[in-house]
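Q:
Number of protein chains: 2
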Amino acid sequence: SQDLAMTAGKNARVLLDNDKVRVIELMIPPGGKTGMHSHGDNVVYFLADGDSSQTMADGTTKTRHTKAGDTLWSGPVTHDTTNTGKTPAKALIIELKAK
Amino acid sequence: SQDLAMTAGKNARVLLDNDKVRVIELMIPPGGKTGMHSHGDNVVYFLADGDSSQTMADGTTKTRHTKAGDTLWSGPVTHDTTNTGKTPAKALIIELKAK
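So the protein lines, in turn, are chains A and B.
Note that the first sequence covers residues 11 to 109 in the working numbering.
Note that the second sequence covers residues 11 to 109 in the working numbering.
1. Let me know the secondary structure DSSP gives Leu14(B) once reduced to three states.
2. Comparing alpha-carbon positions, which option in Arg23(B), His47(B), Gly60(B) lies nearest Gly41(B)?
3. Over the uninterrupted beta strand (DSSP E) stretch that includes Trp37(B), give me the two end residues.
4. For Val53(B), go through chain A and note every residue whose CB falls closer than 8 Å to its CB, in chain order.
5. Run through DSSP, which three-state label would Gly19(A) get?
6. Can you pull the chain B neighbours of Thr81(A), defined as C-beta to C-beta under 9 Å?
7. Give the single residue among Arg74(B), Asn52(B), Lys96(B) whose Cα lies nearest to the Cα of Lys30(A).
8. Determine the chain B residues that contact Lys20(A) at a beta-carbon separation under 9 Å, and present them in chain order.
9. Assign Asp61(B) to one of three DSSP states: helix, strand, or coil.
10. Considering Thr81(B), what are the terminal residues of the beta strand (DSSP E) in which it resides?
11. Got a sec? Which residues, its chain only, sit under 6 Å from Thr33(A) by beta carbon, not counting five neighbours each side?
12. Over what stretch of residues does the beta strand (DSSP E) that includes Lys72(A) continue unbroken?
13. Would a check of beta-carbon distances place Lys109(B) closer than 8 Å to chain A?
14. How big is the Cα-Cα spacing for Ala22(A) and Ala15(A)?
15. Do Lys77(A) and Ser63(A) have their CB atoms nearer than 8 Å?
16. Quick check: the Cα distance between Lys107(A) and Gly50(A), rounded to an integer number of angstroms?
Next comes the structure, spelled out in structure tokens:
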């Protein structure tokens, strides 16, 4: 499976990585993509308002508008996220590591 | 032990709370305190620059300056945090729940 910190390159900054959790700060410019990647259980906290579309592993897509402060839980998932807005997308991704 | 979401009252907003994680957005005005509270394993992500002093359960204190984006890991701890700065302290607290 693809690691976001690799696929997103310089757009992803690993802030903390230990045996229990990894925290990534993601900054995607308008029109930018993360690249297809997988997560285990994770929380996304949006640092700025934005619009994005996500292509799932099965090819389906969904679009969403998010506000700074929105906090989303997700179980294991594989997707590619595109910033469809006009401003940089900024989010904190907290990945929980299986015990 | 004391729950931050109780001791900090309206200064703490619970954004997400499930069986694996709780996410709290904390906003402490200048001079404000969280009240003595306990955490299990947790990550703190600072949303704004700030100065704070923490009184630990054993009465010892430590002061620190933090910058927006600073990310700190902590194992279980009991402390009271005071905003010693002139601007509101803003932080995201991600508490990991024991499996």
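No residue lacks a Cβ here, since even glycine has one placed at the ideal position from N, Cα and C.
A: According to the structure shown:
1. In the structure shown, Leu14(B) sits in a helix (DSSP, three-state: H, G or I).
2. When the alpha-carbon of Gly41(B) is set against those of Arg23(B), His47(B), Gly60(B), the nearest one is in Gly60(B).
3. For the sequence presented, residue 37(B) should be read as Met rather than Trp. Start and end: 31-38.
4. Neighbours of Val53(B) on chain A, chain order: Leu26, Val31, Val33, Ile104.
5. Three-state result, Gly19(A): helix.
6. By Cβ distance, chain B contributes Leu25, Leu26, Val33, Glu35, Leu102.
7. With distances taken between Cα atoms, Lys30(A) lies closest to Asn52(B).
8. Taking a Cβ-Cβ cut-off of 9 Å, Lys20(A) has no neighbours in chain B, whose nearest Cβ is about 16 Å from it.
9. DSSP, reduced to helix, strand and coil, places Asp61(B) within a strand of the structure shown.
10. Segment 81-84, the beta strand (DSSP E) holding Thr81(B).
11. First, the amino acid is wrong: residue 33(A) is Val here, not Thr. Correct list, in chain order: Leu25, Leu26, Ile104.
12. Looking at the DSSP string, the run of the beta strand (DSSP E) that includes Lys72(A) is 71-76.
13. Judged by the 8 Å Cβ criterion, Lys109(B) is in contact with chain A.
14. Between the alpha carbons of Ala22(A) and Ala15(A) lies a distance of about 6 Å.
15. In this structure, Ser63(A) does not lie closer than 8 Å to Lys77(A) by Cβ.
16. Those two C-alpha atoms are separated by around 7 Å.
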